[in-house]
């Protein structure tokens, strides 16, 4: 059976959300069925324009040509394309060279719009077909070039009048033009959804989880753009767009790439989130890329995924299900990789953590809004301060690099030095601001949060809505990733039965009563009981603080770093 390939060339991601791909795919499948062809692959250049030959070099057409050269695509195969102008809109000579190169490798090209079949023989023997194909390619290139020039001129006119006339409403789905056509009006329903998306991001949700959550609740969170569903690319774009806090940056296509043109205009759009909120979300996303987020599944069963470590060998702790009971186990012990640490019942560990590790204030998860939470306010301010520091460092390094140019005039050199001194001052001031904010955040660790934590636990235990539970646990997992470096589980204790009387703690001794200790601890159940009574976890915070918890004894103590010791002394 002859193999055929469908080539879909969509010039922008906006068209992807429309009807173009579906229409082209249906035509390809219909043609393959009618001619008894095997449609084995679909080549998609989503977001790669055929103009300037970009898709030939970078996208599916380049892959297809390489596959022909490698023999992966067999001679005699068929390439289905809607029309020749979909194949390439490059300069007609380049486009025709690509066209004939494919034909010369014994690949037939079929254009579905007019049912034309192009082969080496047909083009050579039919002069009309040859001129028709060249004419289509010439028209395609001219149309793209004309359209590009027309759009560039239109946008240039808009940019020159930007101070007196608003532009760009079509890029912001939550905005509409006011009646005077020179102001924006916020669609609050859409803006609320975007604020919610930022809140989820700050609470530790990744883009994948956010999109799934929104699509599972379409009545509550309907898509704000033209698509019928939320997509990862669109949510990611929202989370990265400075327009949400009012900033506007005009852009222009140069050599096929969108590049900034002119100065950034602050407060151009009405802000729907604060800049601190935006920067905090950026910091959270950056942190997730560094530490790894992981997909939590439908119930976020393991809050400690990615941060729990084995105290015996340092391996990763993973969760295993044994019927309805979940256990945590060292991954190395599961594959006999030199570790024999036993498992730890997950529910016991989670309850012990929430009960004893008071430095993690889960109560902030149930704050009504971002402004109602001290930590999030401080973290937002710190994220903005850090973003400014990072930008200043880039500017400073760029200035210093220019000092090496021997052709710099004295006047320009003096100007660069003066600017560098200003940035140095801003960097020093930024360091002080970051230090002050870090100190305020550290103070939250020594606050008494028992009342807030107990209120959270009561509310959490009373929650029965599975969707709400999912949101809470996603936020809990995100909070742990932000504040913890790792949790080390120490549960690899051993006991020599004759020494049991000297080793066991008083609580276990009282619990065992008059049992023969040597006999009891010579059994597997006795060893498990001993491990349960002695095991402990060390919670290490990113601040350097360590909390040690011994669940069986109900004891805990804090190992603090020098900075926190000084802070406590100052507060007393």
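In full-length UniProt numbering, the protein residues as written are 1 to 572. Each residue gets a CB set at the ideal place from its N, CA and C atoms; glycine is no exception.
| Asked | Found |
| --- | --- |
| So, under 8 Å CB-CB, residue 187 and residue 200 are touching, yes? Tell me the CB distance rounded to an integer number of Å. | Contact flag wrong, Cβ pair sits at about 20 Å. |
| Hey, out of 321, 434, 418, 552, whose CA is closest to residue 508's CA? | 552 |
| Pick helix, strand or coil for residue 51, following the three-state DSSP scheme. | Bear in mind that a pLDDT of 43 at residue 51, under 50, signals an unreliable position, so the model cannot answer this. |
| Along the beta strand (DSSP E) that carries residue 233, what are the first and last residues, could you check? | Taken as a continuous stretch (DSSP letters only), residue 233 belongs to no beta strand (DSSP E), being part of the alpha helix (DSSP H) at 232-240. |
| By a C-beta neighbour count over all protein chains shown, 10 Å radius and 16 as the cutoff for buried, is residue 312 buried or exposed? | buried |
| Just checking my contact of residue 210 with residue 235 at CB under 8 Å: how many whole Å lie between their CB atoms? | 6 Å |
| Where do the ends of the beta strand (DSSP E) carrying residue 556 lie? | 555-559 |
| Is it buried or exposed, residue 371, if we count other Cβ atoms within 10 angstroms and call 16 or more buried? | With a pLDDT of only 38 at residue 371, under 50, the local geometry of the prediction cannot be trusted, and no value is derived from it. |
| List the residues that DSSP assigns as beta-bridge partners of residue 219. | Paired residues: none, contrary to the question. |
| Which runs of the beta strand (DSSP E), 3 residues or longer, sit entirely within the stretch 475-537? | 484-490 |
| If I follow the unbroken alpha helix (DSSP H) through residue 346, where does it start and stop? | 346-356 |
| Mark residue 4 as exposed unless 16 or more other C-beta atoms lie within 10 angstroms of its C-beta, in which case mark it buried. | buried |
| Just reading off the alpha helix (DSSP H) that residue 108 is part of, what are its end residues? | Here residue 108 belongs to no alpha helix (DSSP H); instead the beta strand (DSSP E) covers 108-111. |
| Looking at the structure shown, is residue 540 part of a helix, part of a strand, or coil, going by DSSP? | strand |
| Express the C-alpha separation of residue 328 and residue 519 in angstroms, rounding to a whole number. | 29 Å |
| Does residue 474 pass the burial test, meaning 16 or more other C-beta atoms within 10 Å, or should it be called exposed? | buried |
| Go ahead and label residue 496 buried or exposed: buried means 16 or more other beta carbons lie within 10 angstroms of its beta carbon, across all protein chains shown. | exposed |
| From residue 558 to residue 426, what distance separates their C-alpha atoms? | 37 Å |
| CB-CB under 6 Å to residue 405, same chain, minus the five flanking residues each way: which ones, in chain order? | none |
| Does the distance from the C-beta atom of residue 2 to that of residue 38 stay below 8 Å? | yes |
| Residue 302 to residue 282, Cα distance in whole Å? | 25 Å |
| Would you list the one or two residues that DSSP bridges to residue 319? | 328 |
| Based on the DSSP secondary-structure assignment, which residues constitute the bridge partners of residue 547? | 539, 558 |
| Pull the bridge partners of residue 117 from the DSSP assignment, please. | 110 |
| Taking 8 Å as the threshold, find out whether the stretch 412-431 comes into contact with the stretch 469-486 through three or more Cβ pairs. | no |
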